[in-house]
């Protein structure tokens, strides 16, 4: 049911174009002001990426106007007044790698905030070089890492300004379908990505969250509040634990220090607002909210599934000398109803209802104790509810086929201590304790296996098995509680010039299944030249079983955490003057203790929904290996783009009796993946004829209809994925059910290859304090019918094709003050 709801949510968004046009027309009046082209400023902070400590005395050069600014004692800087347009900043400080921040766009009057993090230099040079790389590096992540800023997230074609979809352009990342934003990395499965926002671990920060996957349909994170993100595809440093594959660490920016600003965001399917500014001395806030309005519009047929959701996010920052306190909160609620599910999708029930809420709240205190010691402490609470119902209404009541009313909550306290040993060597230690509350209530209707006389179509069938053969109502286990704990030690060492080592280890435990794990981690960077780095990483990662798996059957309470052992090696080369980075990596990953349905271990038994049990065993094994190529050009004057190719093989061991050492393709074994993106930018404010036009009242009034703008950007993405494997089913006519034969080859067939073209067109205007962005997103431009999955419905001997997103136009307007 949750997969059906994910598809219906995306599909139904295309019906609200008329509502969007009406809303945008109303907002045209907001630009009816008479003003000249105003000047703005660039402000921000420069900090160490290793410790977060402010860097006083750093040089911030704006080459376009030949100006250099020196940061103050708190690492802050403010430029003079700048004409609207794009600028490139060069940031440098002795002992740190020089960084170039390209395409800093000043839209009009007001401050453009740019926060900079400088990494300690590996190579010790006698003087600062005059050129810096535009590719930031995470100080403690040697390989398989990508850093993105706000502008890169917003402009990513096909990402719909979603922080999770934005990383799907990388070679190591895939997804089961383009109608969900789940992150699947290097042959793993959904749910193996650790998501962190401002040091708060959030299991699933999405509307219409898919239980256990870490993904959903629409992200709760407002991208306008994001400063940047760090994504690591495997073997991360020791402070990251609890997941078997990747890490996505999102950092939110602070609110404006000078004045209260705000704006609105109108798009297909919903509207939002955001506001920020100072509260009191050294305190700022940010707040945003969003609401879908599809359910308020009457342009739908009765059978159309119309999603309804809303969300809110806030952040408060208080500075107290060398201490900084962040208070974060996020909440979302959603629901959807599919009234004709039996006919349209093939489910047993005629109606599917789905919904739930997600929340996260936390407080973080960052402190600097002198020059070398720092601490970070976070206390947080997170939760997801999953509400799914599949039923058929009758005059006498209803037949309920499936119900899930589960809630998963976590309360966490974690702290870490950092010590600078030398200018570019750092030791980090910390620990965490977490209380997990999981209320799992999942019930299936008992079913009956019938035997039919195929020669008599009107035969109603004869019972040949106990009516309870399929599934009895599952036992409800209210308020199960477990405690997780962990500790880690990690270091950043530079024993030799050009060589950086990141050793570490962590210990984790969970009292519910009485497990204790030890995970060593190690990575290294050898800087052969300022442009060429050799990288390597090794790590063991453990992930506890999903809460629903632990309690769904009494036998599952002893499930072991899955284990992933990863080795990575690669090389990175930066063409500094061209702002291009190329990367080649190879990896091998071994999985142990994967949860497997115990029905697979039974010999000579057909697999169907009538004999699949809820009991799991930790006997599964898997492996994946491959190589990846990635090249990226940062946006400078006009062009940007990337090319990502991956070749991989992923395998599971066949545990059925008599199979010996046989292996079969894993569920996300795509083999070949290719993603190409390209962008083209034009700015007209430097043209005298456009300056004159820009100041005309009629031009501002009808800016939404103008084909030209202060800044225009075209971008596109083409993606190809090899066919995902699946196991073909056989229709057994005597019982009218689909089964997998005992001797069937698992995942022996593949869906047709996936490919699609996405396009984005963005126009930006600056009218004084009023900044406007109009955007159009076109997904799957040539309407490729990509198959999501085959649906095997008992009683129907023809399988049903379920497709991914068709051609899907969307767009909107962002107004900021």
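In the numbering used here, the protein residues as written are 1000 to 1816. Using N, Cα and C, we set each Cβ at its ideal position, and we do this for glycine too. Remember, predicted model here, so these are calculated numbers, not experimental data.
Which residue from the options puts its Cα closest to that of residue i?
| i | options | result |
| --- | --- | --- |
| residue 1065 | 1057, 1086, 1072, 1052 | 1086 |
| residue 1803 | 1151, 1754, 1287 | 1754 |
| residue 1371 | 1053, 1339, 1104 | 1053 |
| residue 1059 | 1523, 1079, 1388, 1088 | 1088 |
| residue 1731 | 1606, 1140, 1620 | 1606 |
| residue 1584 | 1566, 1119, 1249, 1592 | 1566 |
| residue 1701 | 1638, 1582, 1645, 1773 | 1773 |
| residue 1749 | 1541, 1666, 1198, 1511 | 1666 |
| residue 1270 | 1258, 1287, 1279, 1260 | 1287 |
| residue 1778 | 1805, 1120, 1252 | 1805 |
| residue 1253 | 1517, 1238, 1317 | 1317 |
| residue 1797 | 1291, 1339, 1344 | 1344 |
| residue 1399 | 1446, 1050, 1188 | 1446 |
| residue 1199 | 1249, 1633, 1219, 1215 | 1249 |
| residue 1161 | 1220, 1479, 1383, 1596 | 1220 |
| residue 1213 | 1188, 1237, 1105, 1094 | 1188 |
| residue 1537 | 1548, 1523, 1450, 1114 | 1523 |
Near residue i, what residues of its chain come up, given a Cβ to Cβ distance below 6 Å and the 5 sequence neighbours on each side ignored?
| i | result |
| --- | --- |
| residue 1502 | 1490, 1521 |
| residue 1315 | 1284, 1326 |
| residue 1110 | 1040, 1042 |
| residue 1323 | 1365 |
| residue 1664 | 1724, 1746 |
| residue 1710 | 1682, 1763 |
| residue 1801 | 1787, 1788, 1790 |
| residue 1799 | 1345, 1790 |
| residue 1177 | 1803, 1804 |
| residue 1274 | 1261, 1286 |
| residue 1498 | 1525 |
| residue 1721 | 1669, 1670, 1671, 1752 |
I'd like to check one pair, residue j with residue i: are the Cβ atoms closer than 8 Å?
| i | j | result |
| --- | --- | --- |
| residue 1100 | residue 1133 | yes |
| residue 1713 | residue 1679 | yes |
| residue 1154 | residue 1180 | no |
| residue 1793 | residue 1736 | yes |
| residue 1265 | residue 1734 | no |
| residue 1068 | residue 1204 | no |
| residue 1648 | residue 1668 | yes |
| residue 1431 | residue 1361 | no |
| residue 1817 | residue 1561 | Absent from the model: residue 1817. The displayed extent of the chain is 1000 to 1816, so no value can be given. |
| residue 1369 | residue 1206 | no |
| residue 1589 | residue 1564 | yes |
| residue 1758 | residue 1156 | yes |
| residue 1116 | residue 1174 | no |
| residue 1355 | residue 1385 | yes |
| residue 1378 | residue 1353 | no |
| residue 1756 | residue 1780 | yes |
| residue 1604 | residue 1727 | no |
| residue 1428 | residue 1500 | no |
| residue 1074 | residue 1057 | yes |
| residue 1602 | residue 1657 | yes |
Identify, in the order they occur along the chain, each residue of the same chain with its Cβ nearer than 7 Å to the Cβ of residue i, setting aside the five sequence neighbours on each side.
| i | result |
| --- | --- |
| residue 1256 | 1277, 1283 |
| residue 1569 | 1142, 1534, 1582, 1583, 1584, 1585 |
| residue 1557 | 1512 |
| residue 1662 | 1650, 1651, 1652, 1653 |
| residue 1816 | 1260, 1261, 1262, 1768, 1769 |
Closer than 8 Å by C-beta to residue i: which residues in its own chain qualify, once you throw out the five before and the five after it? Chain order, please.
| i | result |
| --- | --- |
| residue 1530 | 1572, 1573, 1574, 1575 |
| residue 1166 | 1145, 1147, 1172, 1182, 1228, 1230, 1247 |
| query | Pairing CB atoms from the region 1141 to 1148 with CB atoms from the region 1215 to 1228, are three or more of them under 8 Å? | reply | Result yes; three or more Cβ-Cβ pairs closer than 8 Å.
| query | Would you call the region 1434 to 1451 and the region 1404 to 1420 in contact, with 3 or more CB pairs under 8 Å? | reply | Using a Cβ-Cβ distance cut-off of 8 Å, the region 1434 to 1451 and the region 1404 to 1420 are in contact, since at least three pairs of beta carbons, one from each stretch, lie closer than that value.
| Which runs of the beta strand (DSSP E) fall wholly inside the region 1532 to 1587 and span at least 3 residues, in chain order? | Within the region 1532 to 1587, the complete beta strand (DSSP E) runs of at least 3 residues are 1561 to 1574.
| query | What are the uninterrupted segments assigned as beta strand (DSSP E) that are 3 or more residues long and contained completely in the region 1366 to 1440, given in chain order? | reply | Within the region 1366 to 1440, the complete beta strand (DSSP E) segments at least 3 residues long are 1372 to 1393, 1396 to 1421, 1424 to 1439, listed from N- to C-terminus.
| Three or more C-beta pairs below 8 Å linking the region 1077 to 1084 and the region 1680 to 1696 | Touching, yes, given that three or more Cβ pairs across the two stretches are closer than 8 Å.
| task | Give, in chain order, every unbroken run of the beta strand (DSSP E) that is at least 3 residues long and sits entirely within the region 1088 to 1125. | result | Taken in chain order, the complete beta strand (DSSP E) segments of 3 or more residues contained in the region 1088 to 1125 are 1098 to 1105, 1109 to 1112, 1115 to 1117.
| request: Enumerate, from N- to C-terminal direction, the unbroken beta strand (DSSP E) stretches of 3 or more residues contained entirely within the region 1148 to 1230. | output: For the region 1148 to 1230, whole beta strand (DSSP E) runs of length 3 or above, ordered along the chain, are 1192 to 1196.
| field | Every unbroken beta strand (DSSP E) within the region 1611 to 1647, with a cutoff of 3 residues, ordered by chain | value | If we require 3 residues or more, the beta strand (DSSP E) runs fully inside the region 1611 to 1647 come out as 1615 to 1632.
| request: Any chance you could list the beta strand (DSSP E) runs of at least 3 consecutive residues sitting entirely within the region 1709 to 1746, in chain order? | output: Whole beta strand (DSSP E) segments, 3+ residues: 1710 to 1720, 1729 to 1731, 1736 to 1738.
| Inside the region 1231 to 1310 only - beta strand (DSSP E) runs reaching at least 3 residues | Those beta strand (DSSP E) runs which fall completely within the region 1231 to 1310 and span 3+ residues are 1245 to 1251, 1260 to 1266, 1269 to 1277, 1282 to 1291.
| request: Pick out the complete alpha helix (DSSP H) segments inside the region 1490 to 1517, 4 residues or longer, and give them in chain order. | output: Complete alpha helix (DSSP H) runs here, min 4: none at all.
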